[in-house]
Ligand SMILES: [Zn+2]
Ligand SMILES: [Zn+2]
């Protein structure tokens, strides 16, 4: 993100949810977290923050197995590598995003962000040439497992609904960037990362649905207002190319798939697996995550309150091991090590 710039979209419009209200008071905090992240040398995206240029999106590389360019991902060259293999783009990523995380969550499963190895055989896949499906698939009552899209910065995007009528955003489970750490301590979004628009430029997608169609932000690529959208948040442009848009209300991202996707069980297939270090946590009530910071290359600190009482979780994460130290107002610090 651009230093000092607002680091998330102003999502106050039209909603009444707690974490949006915390946006303004915490803005300074967010900036300080971001600054910390930069100081300790996140390997992600300093160079990824080039101001948007007016360049047209680059054409996909025709070469097989070579690095390819997909507009949007090209703005995050340190975080995301795209290669083409026959009719598939392989998207390798898995490091944590360079923006703040976790702040604003008030319904927390006691999970924390850790890097995930979405590389090699475990990379994401997108079709080079998306194909419209004869029958569209809705995400409203399906695809509760796994991702349904991937953001330009390499962060997966999961279904905004985690079960029938359970909107993760409305439940307060998301941070100010629309993400959280879920059951595998994997960080992902559940709504459109509209905050990426200023980083990728207005002419580039902020994400891609796993059917391969791009997801644009709140305007068309020339800055004009978005026209009527179908049930899946998509429509065709003047050249009859289908694309989705991110919105601030349901479905937020692609509400389904107009394009062909493979399906296995309740998820798009194939898609990468997360690699958990430990069992999933249990929901913590009356919690507010107040600060998340990187204190070293692999060291993080999460501050939160439980019924108003301050708590802290510090953790160090490596490729195979995470060590977590919990400090509460009354207990002596408790340290756990988990291996994957
Ligand atoms: Zn989730
Ligand atoms: Zn459009």
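Numbering (the working numbering), first residue to last: -17 to 322. Each residue gets a CB set at the ideal place from its N, CA and C atoms; glycine is no exception.
Residues that residue i bridges to, as DSSP identifies them
i           : result
residue 238 : 120
residue 308 : 295, 316
residue 100 : 75
residue 323 : Since the displayed the chain opens at -17 and closes at 322, residue 323 lies outside it and no answer follows.
residue 246 : 249
residue 49  : 65
residue 216 : 226
residue 107 : 72
residue 321 : 303
residue 132 : 138, 190
Given residue i as reference, the closest of the options once Cα atoms are compared
i           : options            : result
residue 108 : 52, 181, 287       : 52
residue 200 : 194, 192, 185, 191 : 185
residue 303 : 296, 311, 322, 163 : 322
residue 56  : 319, 277, 299, 181 : 181
residue 131 : 64, 268, 320, 188  : 188
residue 146 : 161, 122, 158      : 122
residue 173 : 142, 155, 154      : 142
residue 54  : 162, 252, 168, 191 : 191
residue 222 : 245, 127, 195      : 195
residue 227 : 246, 247, 205, 245 : 205
residue 85  : 161, 167, 318      : 161
residue 101 : 71, 80, 120        : 71
residue 296 : 307, 49, 208       : 307
residue 167 : 197, 259, 151      : 259
residue 256 : 87, 301, 272       : 301
residue 91  : 254, 169, 238, 124 : 169
residue 231 : 76, 215, 179       : 215
residue 236 : 171, 273, 272      : 171
residue 76  : 50, 106, 198       : 106
residue 197 : 157, 238, 159      : 238
residue 155 : 250, 178, 265      : 265
residue 229 : 271, 281, 151, 244 : 151
residue 246 : 79, 62, 217, 128   : 128
residue 202 : 63, 193, 224       : 224
residue 99  : 250, 179, 73, 213  : 73
residue 305 : 319, 64, 119       : 319
residue 283 : 114, 110, 83       : 83
residue 78  : 279, 273, 220, 207 : 279
residue 272 : 293, 217, 63       : 293
residue 110 : 153, 93, 193, 61   : 193
residue 97  : 281, 270, 252, 50  : 281
residue 178 : 81, 286, 263       : 81
residue 286 : 309, 299, 159, 298 : 309
residue 120 : 218, 270, 250      : 250
Residue i burial status per 10 Å Cβ neighbour count (16 or more: buried)
i           : result
residue 315 : exposed
residue 68  : exposed
residue 275 : buried
residue 240 : buried
residue 289 : exposed
residue 95  : buried
residue 313 : exposed
residue 291 : exposed
residue 311 : exposed
residue 267 : exposed
residue 248 : exposed
residue 133 : buried
residue 164 : buried
residue 88  : buried
residue 140 : buried
residue 125 : buried
residue 175 : buried
residue 112 : buried
residue 66  : buried
residue 136 : buried
residue 149 : buried
residue 183 : buried
residue 210 : exposed
residue 138 : buried
residue 2   : Summary for residue 2: the model assigns pLDDT 31, below 50, so the residue's position carries little reliability; its value from the coordinates is reported in the next sentence. By the neighbour-count rule (16 or more Cβ atoms within 10 Å), residue 2 is buried.
residue 157 : buried
residue 325 : The first residue shown for the chain is -17 and the last is 322, placing residue 325 beyond what the model contains.
residue 58  : buried
residue 114 : exposed
residue 103 : exposed
Proximity test, residue i beta-carbon vs ligand 4 heavy atom, cut-off 8 angstroms
i           : result
residue 201 : Ligand 4 is not part of the structure shown, which contains ligand 1 and ligand 2 as its ligands.
Pick out the complete alpha helix (DSSP H) segments inside the stretch 138 to 210, 4 residues or longer, and give them in chain order. 179 to 182
Let me have the residue list for ligand 2: C-beta closer than 7 angstroms to any non-hydrogen atom, ordered along the chain. 198, 202, 208, 209, 217, 219, 225, 227
Whose beta carbon lies closer than 6 angstroms to any heavy atom of ligand 1, going through the chain in order? 140, 162, 164, 170, 172
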